[in-house]
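Please read the structure below before turning to the comments.
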Amino acid sequence: MIRIAGAHNPLGARLAERAGFDGVWSSGLEISASHGLPDADILTMSELLATARSMAMAVDLPVVADCDAGYGNASNVMHMIRQYEAAGIAAVSIEDKPFPKLNSFVPGRQELVPTDEFAGKIAAAKAAQRDPDLIVIARIEALIAGWGMAEALRRGEAYAEAGADAVLIHAKGDSPEPILTFLERWRLPVPVVVVPTTYHTISADELYRAGAKMVIYANQGLRASITAISDTFAAILRDGRTTGIETRIAPLSTVFDLQGLARFQQEESRFLHRTGQQARALVLPGDTGSELADPGTTTVAGATVLERQAGTLRRAGVQDISACTDAATATAAGVTVRPAGAAEMLAAMEEQFHGRTIVLASHVLFDPAPLRQLLADTPDIAVLADIGQPASGTAPSITLDAPPVIGRRLSGDRLPRVVAMGAGASGAEFAGAAVLSPKGFAALRDAAAARRADGRPDAGLADLLGDLVASDWPVHAVLVTAGWAELISADDADRIGEHLTREEA
Numbered sequence: 225m226i227r228i229a230g231a232h233n234p235l236g237a238r239l240a241e242r243a244g245f246d247g248v249w250s251s252g253l254e255i256s257a258s259h260g261l262p263d264a265d266i267l268t269m270s271e272l273l274a275t276a277r278s279m280a281m282a283v284d285l286p287v288v289a290d291c292d293a294g295y296g297n298a299s300n301v302m303h304m305i306r307q308y309e310a311a312g313i314a315a316v317s318i319e320d321k322p323f324p325k326l327n328s329f330v331p332g333r334q335e336l337v338p339t340d341e342f343a344g345k346i347a348a349a350k351a352a353q354r355d356p357d358l359i360v361i362a363r364i365e366a367l368i369a370g371w372g373m374a375e376a377l378r379r380g381e382a383y384a385e386a387g388a389d390a391v392l393i394h395a396k397g398d399s400p401e402p403i404l405t406f407l408e409r410w411r412l413p414v415p416v417v418v419v420p421t422t423y424h425t426i427s428a429d430e431l432y433r434a435g436a437k438m439v440i441y442a443n444q445g446l447r448a449s450i451t452a453i454s455d456t457f458a459a460i461l462r463d464g465r466t467t468g469i470e471t472r473i474a475p476l477s478t479v480f481d482l483q484g485l486a487r488f489q490q491e492e493s494r495f496l497h498r499t500g501q502q503a504r505a506l507v508l509p510g511d512t513g514s515e516l517a518d519p520g521t522t523t524v525a526g527a528t529v530l531e532r533q534a535g536t537l538r539r540a541g542v543q544d545i546s547a548c549t550d551a552a553t554a555t556a557a558g559v560t561v562r563p564a565g566a567a568e569m570l571a572a573m574e575e576q577f578h579g580r581t582i583v584l585a586s587h588v589l590f591d592p593a594p595l596r597q598l599l600a601d602t603p604d605i606a607v608l609a610d611i612g613q614p615a616s617g618t619a620p621s622i623t624l625d626a627p628p629v630i631g632r633r634l635s636g637d638r639l640p641r642v643v644a645m646g647a648g649a650s651g652a653e654f655a656g657a658a659v660l661s662p663k664g665f666a667a668l669r670d671a672a673a674a675r676r677a678d679g680r681p682d683a684g685l686a687d688l689l690g691d692l693v694a695s696d697w698p699v700h701a702v703l704v705t706a707g708w709a710e711l712i713s714a715d716d717a718d719r720i721g722e723h724l725t726r727e728e729a
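To convert a position in the sequence shown, counted from 1, into my numbering, add 224.
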């Protein structure tokens, strides 16, 4: 049994796909209701086609389009077939009512066109199709109109003879008996489709055993959403807040997932080549020499170090920021909280990220300019090196393959390479930031994993970079003379805070 679920937009189609249905019914009733209009051919073919097309683009399932009475006569049907076929629709259903039709469940007029006229529409549809896999379903409304079982069978046989790939027998009573009778008396090899909207007590398996090949649950999704939304809105007005319903509604993460946000971000990082938009940032734990390891709790001039780092990164064009911290201020700053420890944090990061990763030590503050300068260069790994004065003894030291002369140098088009970093190095200070290509990021993650495997203590950023330099990994340096400050003690935080307070004032 092929099971199809009704929908009226791509979100509903994706929900049907995730639930495990075999296809999606582009429901005329649901689409009309979503526009606040009766299902009476008020919407145009173009409007209904646009919705069906958007659903077909959103899911890998086949979409079966409810095409009402074919939007006119046989000529209109031929145009309709070409349009729906071009939109990637797998099947179309046309009913044997005059255009404009009225929804089958509405009391009152339920008229039928002559059998030969509708058979002509089916033949025209098959003549117009170019894709041999397109399915044309002839929908029989004789039971809906009260014309009886014999007329329903006679019409179904005529439509099958005209070329219909399947027939849909429709009924609106609460008993499945008329449908079971039709299936019992149907003798042709053309498959039968059923829509158990009102006779809902019978199961899909029972219908399949009776001879049906496709079941369409045409409008249950719309009806369920009306109930759920009405209850939710009533609860909000009653309670004056949303706390009572938060556990009963989908989290935003589910919405983002259904929107395909992860794929969007992956493609954006791969193909958008604008400074910062292809970059993400990680704030790793501080080096062992700092007393201020958690940037989410250390405050400088009324803001945490993490809040200041996030603000600087965003001014440099980087929006995706993660940090090792338990502080609630991380969420307020729009920073993703990652597992504690460098190895755990690096292992948890997305491997398929195609952009660059800028990594900051948690105890360093920056101006935007040096970070922009770091992002502007493209080696696999580049560190920020301060050559403005001799190494101070607090920040790790760096030795370059071409040392600066009296604190200044011209590098031309070549970035100097780091030949030593940490104990025994000299000539420049590591300024607490590095930028890495996907290849460089993988190397940094491997260095952290190697430390853990060897039983060595978890490391800060400088230690991991020092391991890579020691293993002869090509690490280059972007040279600066200002624009950063490290926080080794609470006194440093106080002094820098006083300076920032004056500058901000």
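Note that CB positions come from ideal geometry on N, CA and C, so glycine has one too.
Inset, instruction - Identify which residue in Ala382, Pro338, Leu506 and Ala395 has its Cα closest to the Cα of valine 330. - result: Ala395
Legend entry - Span separating the alpha-carbon of isoleucine 361 from that of valine 417: 8 Å
Inset, instruction - State the DSSP-derived secondary structure class of glycine 646, mapped to helix, strand or coil. - result: coil
Inset, instruction - Helix, strand or coil for methionine 573, going by three-state DSSP, please let me know. - result: coil
Inset, instruction - Out of Ala644, Val507, Arg596 and Phe342, state which residue places its alpha-carbon closest to the alpha-carbon of glycine 387. - result: Phe342
Inset, instruction - Grab the span of the beta strand (DSSP E) containing isoleucine 582 for me, first residue to last. - result: 580-585
Inset, instruction - Would you mind reading off the limits of the beta strand (DSSP E) that contains methionine 438? - result: 438-441
Inset, instruction - From the DSSP output, in three-state form, read off threonine 422 for me. - result: coil
Inset, instruction - Please report how far the alpha carbon of leucine 668 lies from the alpha carbon of leucine 608, in whole angstroms. - result: 16 Å
Inset, instruction - Classify isoleucine 460 as buried or exposed, calling it buried when 16 or more other Cβ atoms lie within 10 Å of its own Cβ. - result: exposed
Inset, instruction - Drop a sphere of 10 angstroms on the beta-carbon of glutamate 408, count the other beta-carbons inside from all chains shown, and report buried for 16 or more, exposed for fewer. - result: exposed
Inset, instruction - Could you check what DSSP says for glycine 247 in three-state terms: helix, strand or coil? - result: strand
Inset, instruction - Can you tell me which of Met304, Pro322, Thr705 and Val316 puts its alpha carbon nearest to the alpha carbon of alanine 264? - result: Pro322
Inset, instruction - Reducing DSSP to helix, strand and coil, say where serine 256 ends up. - result: helix
Legend entry - Reduced DSSP category for threonine 623 - H, G, I as helix; E, B as strand; rest coil: strand
Inset, instruction - Classify glycine 656 as helix, strand or coil using the three-state DSSP reduction. - result: strand
Legend entry - Helix, strand or coil at threonine 602 [DSSP, three-state]: coil
Inset, instruction - Starting from the C-beta of alanine 348, find all residues in its chain whose C-beta is less than 6 Å away, skip the five residues before and the five after it, and write them out in chain order. - result: Ala298, Val301 and Met302
Legend entry - Opening and closing residue of the alpha helix (DSSP H) in which leucine 377 lies: 373-386
Legend entry - 6 Å Cβ shell around alanine 709 - same chain, five flanking residues per side excluded: Leu589 and Ile720
Legend entry - Span of the beta strand (DSSP E) around glycine 230: 226-231
Legend entry - Integer-rounded CB distance, given that leucine 624 should sit under 8 Å from alanine 652: 6 Å
Inset, instruction - Would you tell me roughly how many angstroms separate the C-alpha atoms of methionine 225 and glycine 380, rounded to the nearest one? - result: 20 Å
Legend entry - Within 8 Å, strictly: CB atoms of leucine 446 and histidine 587: no
Legend entry - Start and end residues, alpha helix (DSSP H) containing arginine 532: 529-539
Legend entry - Whole-angstrom distance between glutamine 489 and leucine 660, CA atom to CA atom: 19 Å
Legend entry - Within 8 Å, strictly: CB atoms of leucine 570 and alanine 547: no
Legend entry - C-alpha gap between alanine 237 and glycine 230, whole angstroms: 8 Å
Legend entry - Contact check, serine 228 vs valine 288, beta carbons under 8 Å: The amino acid at residue 228 is misidentified as serine; the sequence shows isoleucine. A contact, by the Cβ cut-off of 8 Å.
Legend entry - Nearest-angstrom Cα separation, counted from glycine 244 out to glycine 260: 29 Å
Inset, instruction - Grab me the residues of alanine 458's own chain with a C-beta within less than 6 Å of its C-beta, minus the 5 sequence neighbours each way, in chain order. - result: none
Inset, instruction - Look at the alpha carbon of glycine 541 and the alpha carbon of arginine 596, and state the distance between them as a whole number of angstroms. - result: 8 Å
Inset, instruction - Report yes if the C-beta distance between isoleucine 346 and leucine 367 is below 8 Å; otherwise report no. - result: no
Inset, instruction - Check the DSSP bridge columns for isoleucine 305 and list the partner residues they point to. - result: According to DSSP, which records beta bridges pairwise, isoleucine 305 is partnered with nothing at all.
Legend entry - N-terminal and C-terminal residue of the beta strand (DSSP E) that serine 546 is part of: 544-548
Inset, instruction - Output the distance between the C-alpha atoms of leucine 476 and alanine 274, rounded to the nearest integer angstrom. - result: 27 Å
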